[in-house]
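Novice:
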Amino acid sequence: MDAQTYPLNTWYVAATPDEIADKPFARQICGVKLVFFRNQQQRVVAVEDFCPHRGAPLSLGFVENGQLVCGYHGLRMGEDGKTQSMPNQRVAHFPCIKHFAVVERHGFVWIWPGDQSLADDSLIPELHWANSPDWGYGGGLYHIKCDYRLMIDNLMDLTHETYVHASSIGQKEIDESPVATKMEGQTVVTSRYMDNVMAPPFWQAALRANDLADDVAVDRWQICRFSLPSHIMIEVGVAHAGKGGYDAPDSHKASSIVVDFITPETEHSIWYFWGMARDFKPQDQTLTDTIQKGQGAIFAEDLEVLERQQQNLLAYPERSLLKLDIDAGGVQARRMIERVIKQEQAASAQAKVGENQ
Amino acid sequence: MDAQTYPLNTWYVAATPDEIADKPFARQICGVKLVFFRNQQQRVVAVEDFCPHRGAPLSLGFVENGQLVCGYHGLRMGEDGKTQSMPNQRVAHFPCIKHFAVVERHGFVWIWPGDQSLADDSLIPELHWANSPDWGYGGGLYHIKCDYRLMIDNLMDLTHETYVHASSIGQKEIDESPVATKMEGQTVVTSRYMDNVMAPPFWQAALRANDLADDVAVDRWQICRFSLPSHIMIEVGVAHAGKGGYDAPDSHKASSIVVDFITPETEHSIWYFWGMARDFKPQDQTLTDTIQKGQGAIFAEDLEVLERQQQNLLAYPERSLLKLDIDAGGVQARRMIERVIKQEQAASAQAKVGENQ
Amino acid sequence: MDAQTYPLNTWYVAATPDEIADKPFARQICGVKLVFFRNQQQRVVAVEDFCPHRGAPLSLGFVENGQLVCGYHGLRMGEDGKTQSMPNQRVAHFPCIKHFAVVERHGFVWIWPGDQSLADDSLIPELHWANSPDWGYGGGLYHIKCDYRLMIDNLMDLTHETYVHASSIGQKEIDESPVATKMEGQTVVTSRYMDNVMAPPFWQAALRANDLADDVAVDRWQICRFSLPSHIMIEVGVAHAGKGGYDAPDSHKASSIVVDFITPETEHSIWYFWGMARDFKPQDQTLTDTIQKGQGAIFAEDLEVLERQQQNLLAYPERSLLKLDIDAGGVQARRMIERVIKQEQAASAQAKVGENQ
Chain A
1 MDAQTYPLNT
11 WYVAATPDEI
21 ADKPFARQIC
31 GVKLVFFRNQ
41 QQRVVAVEDF
51 CPHRGAPLSL
61 GFVENGQLVC
71 GYHGLRMGED
81 GKTQSMPNQR
91 VAHFPCIKHF
101 AVVERHGFVW
111 IWPGDQSLAD
121 DSLIPELHWA
131 NSPDWGYGGG
141 LYHIKCDYRL
151 MIDNLMDLTH
161 ETYVHASSIG
171 QKEIDESPVA
181 TKMEGQTVVT
191 SRYMDNVMAP
201 PFWQAALRAN
211 DLADDVAVDR
221 WQICRFSLPS
231 HIMIEVGVAH
241 AGKGGYDAPD
251 SHKASSIVVD
261 FITPETEHSI
271 WYFWGMARDF
281 KPQDQTLTDT
291 IQKGQGAIFA
301 EDLEVLERQQ
311 QNLLAYPERS
321 LLKLDIDAGG
331 VQARRMIERV
341 IKQEQAASAQ
351 AKVGENQ
Chain B
1 MDAQTYPLNT
11 WYVAATPDEI
21 ADKPFARQIC
31 GVKLVFFRNQ
41 QQRVVAVEDF
51 CPHRGAPLSL
61 GFVENGQLVC
71 GYHGLRMGED
81 GKTQSMPNQR
91 VAHFPCIKHF
101 AVVERHGFVW
111 IWPGDQSLAD
121 DSLIPELHWA
131 NSPDWGYGGG
141 LYHIKCDYRL
151 MIDNLMDLTH
161 ETYVHASSIG
171 QKEIDESPVA
181 TKMEGQTVVT
191 SRYMDNVMAP
201 PFWQAALRAN
211 DLADDVAVDR
221 WQICRFSLPS
231 HIMIEVGVAH
241 AGKGGYDAPD
251 SHKASSIVVD
261 FITPETEHSI
271 WYFWGMARDF
281 KPQDQTLTDT
291 IQKGQGAIFA
301 EDLEVLERQQ
311 QNLLAYPERS
321 LLKLDIDAGG
331 VQARRMIERV
341 IKQEQAASAQ
351 AKVGENQ
Chain C
1 MDAQTYPLNT
11 WYVAATPDEI
21 ADKPFARQIC
31 GVKLVFFRNQ
41 QQRVVAVEDF
51 CPHRGAPLSL
61 GFVENGQLVC
71 GYHGLRMGED
81 GKTQSMPNQR
91 VAHFPCIKHF
101 AVVERHGFVW
111 IWPGDQSLAD
121 DSLIPELHWA
131 NSPDWGYGGG
141 LYHIKCDYRL
151 MIDNLMDLTH
161 ETYVHASSIG
171 QKEIDESPVA
181 TKMEGQTVVT
191 SRYMDNVMAP
201 PFWQAALRAN
211 DLADDVAVDR
221 WQICRFSLPS
231 HIMIEVGVAH
241 AGKGGYDAPD
251 SHKASSIVVD
261 FITPETEHSI
271 WYFWGMARDF
281 KPQDQTLTDT
291 IQKGQGAIFA
301 EDLEVLERQQ
311 QNLLAYPERS
321 LLKLDIDAGG
331 VQARRMIERV
341 IKQEQAASAQ
351 AKVGENQ
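Residue numbers (full-length UniProt numbering), protein chains in the order written: chain A, 1 to 357; chain B, 1 to 357; chain C, 1 to 357.
(1) Check whether chain C comes within 7 Å of Ala56 of chain B, counting only Cβ atoms and requiring the distance to be less than that.
(2) Just checking my contact of Pro17 of chain C with Leu58 of chain C at CB under 8 Å: how many whole Å lie between their CB atoms?
(3) In this structure, how does DSSP classify Tyr6 of chain A when only helix, strand and coil are distinguished?
(4) Reducing DSSP to helix, strand and coil, say where Thr290 of chain B ends up.
(5) Using C-beta distances below 8 Å, list every residue in its chain close to Leu118 of chain A, excluding the 5 sequence neighbours before and after it, in chain order.
(6) Could you confirm whether any beta carbon from chain A is found closer than 7 Å to the beta carbon of Pro7 of chain C?
(7) I need the straight-line Cα distance from Gln309 of chain B to Ala315 of chain B, nearest angstrom please.
(8) Answer with yes or no whether the minimum CB distance from Gln309 of chain A to chain C is below 7 Å.
(9) Can you look up Asn65 of chain A in the DSSP assignment and give me helix, strand or coil?
(10) With DSSP collapsed to three states, give me the class of Asn196 of chain B.
(11) Give me the residue from A:Gly81, A:Pro87, A:Trp110 with the minimum Cα distance to Lys98 of chain A.
(12) Quick check: the Cα distance between Met198 of chain A and Val238 of chain A, rounded to an integer number of angstroms?
(13) Beta-carbon of Asp175 of chain C versus every beta-carbon of chain B: anything under 7 Å?
(14) Between which two residues does the beta strand (DSSP E) containing Val179 of chain A stretch?
(15) Scan the segment 257–320 of chain B and note each continuous alpha helix (DSSP H) run of 4 residues or more that stays entirely inside, going in chain order.
(16) Could you name the residues of chain C that Arg319 of chain A contacts, counting a contact when the two beta carbons are closer than 9 Å?
(17) Using a Cβ-Cβ distance under 7 Å, would Pro264 of chain B count as near chain C?
(18) Please name the residue, chosen from A:Gln171, A:Ile232, A:Asp195, that lies closest to Thr187 of chain A on a Cα-to-Cα basis.
(19) What is the DSSP secondary structure of Ala14 of chain B, reduced to helix, strand or coil?
(20) Can you pull the chain B residues whose beta carbon is under 7 Å from the beta carbon of Asn65 of chain A, in chain order?
(21) What are the start and end residues of each continuous beta strand (DSSP E) run of 3 or more residues lying completely inside the segment 206–266 of chain A, in chain order?
(22) In terms of residues, what are the limits of the beta strand (DSSP E) holding Arg38 of chain A?
(23) Quick check on DSSP: helix, strand or coil for Ser132 of chain A?
(24) Can you grab the Cα-Cα spacing for the pair Asp219 of chain B / Lys281 of chain B, in whole Å?
(25) Using a Cβ cut-off of 7 Å (strictly closer), state whether Met1 of chain A contacts chain B.
(26) How big is the Cα-Cα spacing for Ile262 of chain B and Ala180 of chain B?
(27) Verify whether the separation of the beta carbon atoms of Gly170 of chain C and Thr288 of chain C is less than 7 Å.
(28) Check Gly185 of chain B in the structure and name its three-state DSSP category.
(29) Please confirm whether Val69 of chain A and Gly78 of chain A have their CB atoms less than 7 Å apart.
(30) For a cutoff of 7 Å on Cβ pairs, would you count Leu158 of chain B as touching chain A?
(31) The beta strand (DSSP E) with Val102 of chain A in it runs from where to where?
(32) From the DSSP output, which residues share a beta bridge with Leu141 of chain A?
(33) In whole angstroms, what separates the C-alpha of Val32 of chain A from that of Ile270 of chain A?
(34) So, does the CB of Val331 of chain C fall closer than 7 Å to a CB anywhere in chain D?
(35) According to the neighbour-count rule (16 or more other Cβ atoms, all chains shown, within 10 Å of its Cβ), is Gly244 of chain B buried or exposed?
(36) I need the straight-line Cα distance from Asp250 of chain C to Arg149 of chain C, nearest angstrom please.
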């Protein structure tokens, strides 16, 4: 067993609601193989994907009356991890499997993989854009074979846009502009402002979608906000130059929020939920689709870099990487992660001592 | 090296005779890479698939005059594992490779992978249906990535038909009917009788093939017989209800024997020889083909369950599985297997002590 | 870490010049992941494929003004393994990565993977056929999953042609003719002469290309020359019988040199650069292409044998192989290799002692 590399007593995005329909849905999260299904009230629930009878994956079965039926010998598993029934069997003594707190909120399915007695749905982050008619949202999901912290580094240092996304959102001025990193409460904020530059293709399109001229100089901004365990919201936008930049009135700017939820599958692979929330033309589904397609193509460019970077780091485990100013956001985020993992481990050790007294 | 998980001093089905024609045939059995070929008398023989000259697989070569010729440098291997000749070389001092007792009988090629001095072909099981004009047989071979004992469990507990084979041979009454498990000499017998039920699609077709009405109630039976090391014969059938069930005269029933020979390839993979022997219309090749196709499709439904079950068990090695009444056949079979493995190991240890005295 | 199995302080063929154009070129050699590129003078250079900033492979980037630019965040790597610049950063303190001596010569790119202070390009072998208008050359590259020494064995014992290449260059008389192996300075020479035989198809074509009758008896020869670390040149040819064989005048013979450079990728995989140099019709590109195509097909026949042989040897690591007279070339070559590896290790140990005093 490797050292723990992700917090467990926290909420991760596990899925989008459309992924969990009338069939059991298997997904590994934080090293645990899970099966999700909808109970009789259509609420999403999750248990280990392991039938206590003979170890078959419960996800190969089916859902009936809100119970998960094993596809091998018909054991009926309840959402609480207790066997409800099995033909011709008394099931009271059957061993339980683990069940997990799951909440459907803000257009996502959230899971708490750690100590279930600590699961508190008031800790699920507020997402103002997710529940307002003034905002539109489109997104997607990528599976990437890398440590989730490499994805955090990637998103907290947008310098890479100049190189990885040269044809869409990248531009020379990004890595020529300094970044500033600071803590705002429990949030790491890395910001970069580029004044009086030409908008790259993605932002030209966004200007047009806002009925703004796309061939004039703009002020551009990127404000990355990391919060535990691995959520990153990035305010991005452009305003016609000299109109106030980030603070310009809506009539002069195009802006949106890049949404990133990074969920560890294993130590070296992730489920990456990405998307974009915008407060212009929120009901325009064609625009949503166009942005989603464009963003999906851009984010796909990161996949090979991240997976090959991961392979290199595994091949040279002893090498320490540089921590430059542009890396400060990722460095701060990793520090917060390490701290909370240590707290979890200390609490867990103390709980064991308590049990033994 | 893992602990020994299969008996070695016993006969396994290695192949069907048609698989071994004029070319060398490679197959790994019980962890040993073997090459089979036909000697000058057209008898199937087997040696290790390893040329004593430079280690090339002999199966890449060819057969000439009943000798196996290495395809790399022309070494000629005899069926006794001794090099017969090599161009321009004296071969008397060449190291031998292992050769294995092989017998072609009952339409199968049998191999004894263990101590060759103990190989006794009178221990090959009698298969009355294999050598009688009153019986027809069709079958096939599947490679499955699971411990051979999971396949034994599967076949000794047909409750799974209700779930895995719902559209062909499964029916609700299977898992509603109790099973009985007992020992008959060296055979584990698990039986289940379902009276006055409707025949599922597979058996409706069998009734029609016996010129019997397929839309009336039937008595159905399943009698699974396990014998060492991993042979399972299952008497299955239906009779028009009230005509005597299993003991009904032939004119009122359709019955057959499901034939299962399970041969370990490695600790976690098998060669699964399946088939069906029937004593009605034995010469009807079209019927044989239809049954084979149907059975092949049904048995293919088990593959994913078994392989995913195996993966789950490897991921959670510490979890103990339930042993319910429906599992009693598999449990008893595993007990017999464990006992014979222990006997083999004790005999082997004693033999070593004898050598050292 | 396995024991060292290949010399490091020596020149290997890393690539052909056409492989390294305007983009970075990744290749693993002797266990090291390398990236090759052309510097401002268009000279090929090589450094580790690992960006000192965040570990991304430099080969995913691009080359600009003879510098390698990382495709993730724009670090510019020099051919000396020192970071030249990075936008908005001071790079003087950045850790260096290893750089490697690389020389383009004789139509190949050579690399010295070991101690760079010992790299001496006068040690690159002379290849008289590579720099003369009297000679034509065509070749190719195969990736094979085997220990490089198995390829050496293969080429130093052409007995296998009778079996592996039966339809092209093999003939019965090869393995009926004795071989002689001797040392000539630092070269292992294995030779075989077959007098008064019929030419196999490949050599019939070569005779026709030399405007010689292809349907008369010939004297055939094969003279294999191994030199460290893993270069094998094979003089092969046929002369009309009785005209002097190997020493016959050019007007009666067809001959050429089979060129083999074997470069370890890892302990169990190789880059195999093969080709043929001929001193007849050297400028005839159609003939070059025909020979290359034929030789490529012949050498492809070795791939499966070598890879399967490697798998067998890994499965039975304790078995010792036979060392017959036909194997003497490979045996001698392996002895030379072992000796030079021991020398390298002794020198390396001594250097460490020196450092500590």
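Yeah, the Cβ is synthetic: ideal placement off N, Cα and C, and Gly gets one too.
The structure presented is a predicted model; accordingly, all values stated were derived computationally and were not measured.
Specialist: This is what the structure holds:
(1) Walking along the second sequence from the start, residue 56 of chain B turns up at place 56. Taking Cβ atoms only, chain C reaches closer than 7 Å to Ala56 of chain B, which makes this a yes.
(2) Here residue 17 of chain C refers to the residue found at position 17 of the third sequence. Here residue 58 of chain C refers to the residue found at position 58 of the third sequence. In fact, because the Cβ distance is near 20 Å, the residues do not count as touching under 8 Å.
(3) As a first step, residue 6 of chain A is located in the first sequence; it is residue number 6 there, counting from the start. Tyr6 of chain A: coil per DSSP, three-state reduction.
(4) The sequence position of residue 290 of chain B within the second sequence is 290, counting from 1. In this structure, Thr290 of chain B counts as helix in the three-state DSSP scheme.
(5) For the purposes of this step, residue 118 of chain A is taken as the residue at position 118 of the first sequence. Cβ neighbours of Leu118 of chain A within its own chain (closer than 8 Å, five residues either side excluded): Asn9, Trp112.
(6) Counting from 1 along the third sequence, the entry for residue 7 of chain C is found at position 7. Taking Cβ atoms only, chain A never reaches closer than 7 Å to Pro7 of chain C, which makes this a no.
(7) Taking the first residue of the second sequence as position 1, residue 309 of chain B is located at position 309. Taking the first residue of the second sequence as position 1, residue 315 of chain B is located at position 315. Going by the C-alpha atoms only, they are around 10 Å apart.
(8) The residue labelled residue 309 of chain A in the question sits at position 309 within the first sequence. Interface residue, yes.
(9) Looking up residue 65 of chain A in the first sequence gives position 65. It is coil, neither helix nor strand.
(10) Numbered from 1 along the second sequence, position 196 holds the residue referred to as residue 196 of chain B. Correct three-state label for Asn196 of chain B: strand.
(11) The residue labelled residue 98 of chain A in the question sits at position 98 within the first sequence. Answer by Cα proximity: A:Gly81.
(12) In the first sequence, counting from the first residue as 1, residue 198 of chain A sits at position 198. In the first sequence, counting from the first residue as 1, residue 238 of chain A sits at position 238. Rounded to whole angstroms, Met198 of chain A to Val238 of chain A spans 10 Å at the Cα level.
(13) Indexing the third sequence from 1 puts residue 175 of chain C at position 175. Chain B, which has a Cβ nearer than 7 Å to the Cβ of Asp175 of chain C, makes this yes.
(14) Taking the first residue of the first sequence as 1, we reach residue 179 of chain A at position 179. Element bounds for Val179 of chain A: n/a, residue is neither H nor E.
(15) 285–315
(16) Your numbering for residue 319 of chain A matches position 319 in the first sequence. Neighbours of Arg319 of chain A on chain C, chain order: Phe50, Pro52, Gly55, Pro95.
(17) As a working note, residue 264 of chain B is residue 264 in the second sequence. With 7 Å as the cut-off, Pro264 of chain B does not count as an interface residue toward chain C.
(18) Locating residue 187 of chain A in the first sequence gives position 187, where the first residue counts as 1. The shortest Cα separation from Thr187 of chain A among A:Gln171, A:Ile232, A:Asp195 belongs to A:Ile232.
(19) Residue mapping note: residue 14 of chain B aligns to position 14 of the second sequence, counting from 1. If DSSP states are grouped into helix, strand and coil, Ala14 of chain B belongs with the strands.
(20) As a first step, residue 65 of chain A is located in the first sequence; it is residue number 65 there, counting from the start. Those within 7 Å of Asn65 of chain A in chain B number zero; the least Cβ separation is about 16 Å.
(21) 218–227, 231–240, 253–266
(22) The count along the first sequence starts at 1 and reaches residue 38 of chain A at position 38. Start and end: 32–38.
(23) By 1-based counting over the first sequence, the position of residue 132 of chain A is 132. Ser132 of chain A falls in the coil class under three-state DSSP.
(24) What you label residue 219 of chain B is simply residue 219 of the second sequence in a count that begins at 1. What you label residue 281 of chain B is simply residue 281 of the second sequence in a count that begins at 1. Asp219 of chain B and Lys281 of chain B: Cα-Cα distance of roughly 22 Å.
(25) Residue 1 of chain A sits at position 1 when you count from the first residue of the first sequence. Since pLDDT at Met1 of chain A reaches only 41, below the 50 mark, its modelled position is unreliable, and the value read off the structure follows with that caveat. It does not: the Cβ of Met1 of chain A has no partner Cβ on chain B nearer than 7 Å.
(26) By one-based count along the second sequence, residue 262 of chain B stands at place 262. By one-based count along the second sequence, residue 180 of chain B stands at place 180. One C-alpha to the other measures close to 23 Å.
(27) Here the question's residue 170 of chain C lines up with position 170 in the third sequence. Here the question's residue 288 of chain C lines up with position 288 in the third sequence. Cβ atoms of Gly170 of chain C and Thr288 of chain C: not closer than 7 Å.
(28) Along the second sequence, read from residue 1 onward, the residue named residue 185 of chain B stands at position 185. Three-state result, Gly185 of chain B: coil.
(29) As a first step, residue 69 of chain A must be located in the first sequence, where it is residue number 69. As a first step, residue 78 of chain A must be located in the first sequence, where it is residue number 78. No. Outside cutoff.
(30) Position 158 of the second sequence, counted from the start, is the residue given in the question as residue 158 of chain B. No, its Cβ sits nowhere closer than 7 Å to a Cβ of chain A.
(31) Your numbering for residue 102 of chain A matches position 102 in the first sequence. Per DSSP, Val102 of chain A belongs to the beta strand (DSSP E) from 99–105.
(32) Here residue 141 of chain A refers to the residue found at position 141 when the first sequence is read from its first residue. Note: Leu141 of chain A sits in a beta bridge opposite A:Phe273.
(33) The residue labelled residue 32 of chain A in the question sits at position 32 within the first sequence. The residue labelled residue 270 of chain A in the question sits at position 270 within the first sequence. If I take the Cα positions, the gap works out to 13 Å.
(34) In the displayed structure, chain D is absent; the protein chains listed are A, B and C.
(35) As a position in the second sequence, residue 244 of chain B is number 244, starting the count at 1. Gly244 of chain B comes out exposed.
(36) Taking the third sequence and counting its residues from 1, the one referred to as residue 250 of chain C is at position 250. Taking the third sequence and counting its residues from 1, the one referred to as residue 149 of chain C is at position 149. Answer to the nearest angstrom: the Cα atoms are 35 Å apart.
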